[in-house]
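Counting from 1, position 220 in the sequence shown corresponds to residue 220 in this note's numbering; the numbering is continuous, with no gaps.
Have a look at the structure below, then the notes.
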Amino acid sequence: MAETINMPKLGFDMAEGLLVRWVKQVGENINKGDVLAEIETDKATVEVESSASGVVLQHIADQGTMVPVNAPIAIVGQAGEKVEVASPSKVESQKSEEKPAPQSTPTTVATPQTIPAADNGPVKASPLARKVAKDNGVNLATVQGTGPGGRVVRKDVETALAGGQTSKVESRPATPITNYQLPVSTEDKIIATTKLRQAIGRRLVESKQTIPHFYVTHEYKMEAVMDMRKQINAYLPDNEKVSVNDFIIKAAALTLRQFPNLNATLKGNEIIQFGHVNVSVAVTVPGGLMTVVVKDADVKSLRQISGEIKAMAGRAREGKVKPEDVDGSTFSTSNLGMYDVEEFIAIVNPPEAAILAIGSAKETPVVVKGEIKIGSRMKATISVDHRVSDGAEAAQFMQKLAEFLENPVRMLV
């Protein structure tokens with residue numbers, strides 16, 4: 001029986017996605033889990049996987065069209081199976097007839113509209129194409145685009161690289177070098193914000209304007225984690241070694257099991273405590289950052305957590321995240337420890353109730369039983385929605401988190 005593939009929803013604020021290209025054409029065989037199409041959202045270019053096996057019977061939406069979330073984009077079924085070749089509006093109309101609205105007023109159904117491809121600057125190009133071009137010094141203005149509306153895609157940049165194309169760099173007037181100072185440009189530079197940066201801005205403005213934040217900071221003894229990490233990594237290959245952040249994700253997930261109010265969301269006058277503990281990790285990507293999600297982090301091993309984060313972060317930086325990589329988070333973390341940051345505060349990621357900001361683990365003088373010794377310390381700050389929780393509960397959470405970080409063997413039993 002034929003199955004309809006819909007535009008996936010990636011995050012609570014996603015309303016539509018740009019169908020960049022079809023990976024599987026009509027008439028081609030496809031297996032469940034194979035990549036059917038590529039879509040572009042505010043966050044990244046995402047591969048849409050087929051939820052059924054069979055043959056691609058119909059493309060409902062065209063390349064280069066903006067499609068609302070949950071609207072049909074393709075039909076997959078058995079070879080020779082008859083399906084009605086219908087426009088997206090007709091499919092939506094049929095659904096409306098099956099489930100009539102409770103009121104007698106007519107219902108307007110959104111349909112995909114063909115629009116120009118997203119343009120983050122003077123050249124139409126996908127986020128992945130821009131990244132590949134930037135990494136290899138290719139001037140996108142000299143690349144012939146083969147995507148919808150002349151849009152430059154990754155394949156076009158790779159073709160240009162194979163042909164030996166390089167970037168054309170325009171000269172700019174600069175101040176003369178005097179007293180061994182570096183040249184400084186005197187021209188203003190205008191940089192168009194990316195869709196990702198615009199989405200980050202909208203969400204953070206909403207968060208700060210609508211969520212009453214409060215913050216609690218705690219300092220952790222990290223000697224035990226450092227020692228255990230060293231012991232574990234001695235038995236693992238280089239590409240599977242665990243990080244300090246992996247320990248923190250696991251510890252936070254286990255602690256959240258004891259503080260379900262912080263693994264929650266506010267909906268109207270009700271607090272919904274999530275049954276799963278899905279911890280998101282902020283990842284730096286070209287043009288901003290995005291979060292990838294470790295599902296059920298409280299029941300996974302450190303090695304599983306580490307492997308999943310590496311794989312998802314790699315896909316995020318390549319602009320090839322999967323829908324499940326970024327969806328379903330119940331609690332967020334942001335770690336700037338690798339940048340030698342002592343401490344910072346993060347903005348709550350709606351609709352979640354809290355986020356943990358993690359600083360560097362550093363060697364520092366500490367007082368132990370009246371004596372000054374060298375110890376390893378790390379500061380972390382939790383930001384909490386005051387409508388959901390209070391300072392005392394957040395402080396207790398941070399104390400309980402210390403029990404896992406300062407006695408990491410508890411995470412292994």
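Every residue gets a Cβ at the ideal spot worked out from N, C-alpha and C, and that includes glycine.
Predicted, not measured: the structure shown is a model, and the values here were computed from it.
Beta-carbon spacing of N261, S389 below 8 Å: yes
S376 versus A361: straight-line alpha-carbon distance, rounded: 6 Å
Neighbourhood of T4 by C-beta distance below 6 Å, restricted to the same chain and skipping five residues each side: Excluding its 5 nearest sequence neighbours in each direction, T4 has C-beta neighbours in its own chain below 6 Å: P72, I75, listed in chain order.
Environment of N29 [buried if 16+ CB atoms lie within 10 Å]: exposed
Cβ-based burial, D340 [other Cβ within 10 Å; buried from 16]: exposed
Cβ-Cβ distance between G337 and I358 below 8 Å: yes
8 Å contact criterion, which L128 and G288 should meet: CB distance rounded: Actually they are not in contact, since the Cβ atoms of L128 and G288 sit about 15 Å apart, beyond 8 Å.
Length of the line joining the Cα atoms of A141 and R130: If I take the Cα positions, the gap works out to 11 Å.
Interface flag, A353 vs chain C, CB-CB below 8 Å: Structure shown: chain C not included; a single protein chain is present.
Contact set for V285: own chain, Cβ-Cβ below 6 Å, skip 5 residues either direction: If you ignore the 5 residues before and after V285, its C-beta comes within less than 6 Å of the C-beta of A316, R317, all in its own chain and listed in chain order.
Cβ neighbour criterion (16 or more within 10 Å) applied to M1: exposed
Boundaries of the beta strand (DSSP E) in which S334 is found, first to last residue: 331 to 335
Buried or exposed by the 16-neighbour rule on C-beta atoms within 10 Å, applied to S306: buried
At least 3 beta-carbon pairs within less than 8 Å: the segment 229 to 243 vs the segment 394 to 405: no
K82, buried or exposed, once every other Cβ within 10 Å from all chains shown has been counted against 16: exposed
Limits of the alpha helix (DSSP H) - the one that R21 falls within: Not the alpha helix (DSSP H): R21 falls in the beta strand (DSSP E), residues 16 to 22.
Inside the segment 212 to 257 only - beta strand (DSSP E) runs reaching at least 3 residues: As far as the segment 212 to 257 is concerned, its whole beta strand (DSSP E) runs of at least 3 residues are 213 to 221.
Reduced DSSP secondary structure (H/G/I, E/B, other) of P351: coil
Exposed unless 16 or more other CB atoms sit within 10 angstroms - verdict on P8: Classification of P8: buried, given that the 10 Å Cβ count is 16 or more.
Three-way DSSP call (helix, strand, coil) for R317 in this model: helix
Reference I191, options T146, V123, S243, closest by Cα: Closest by alpha carbon: V123.
Check whether K295 and E343 have beta carbons under 8 Å apart: no
Rounded separation between V56 and Q144 - CA only: 29 Å
DSSP three-state assignment for Q273, whether helix, strand or coil: strand
Expected contact under 8 Å - CB spacing of V277 and T330 to nearest Å: 6 Å
Buried versus exposed call for R151 [16 or more other C-beta atoms within 10 Å across all chains shown]: R151 comes out buried.
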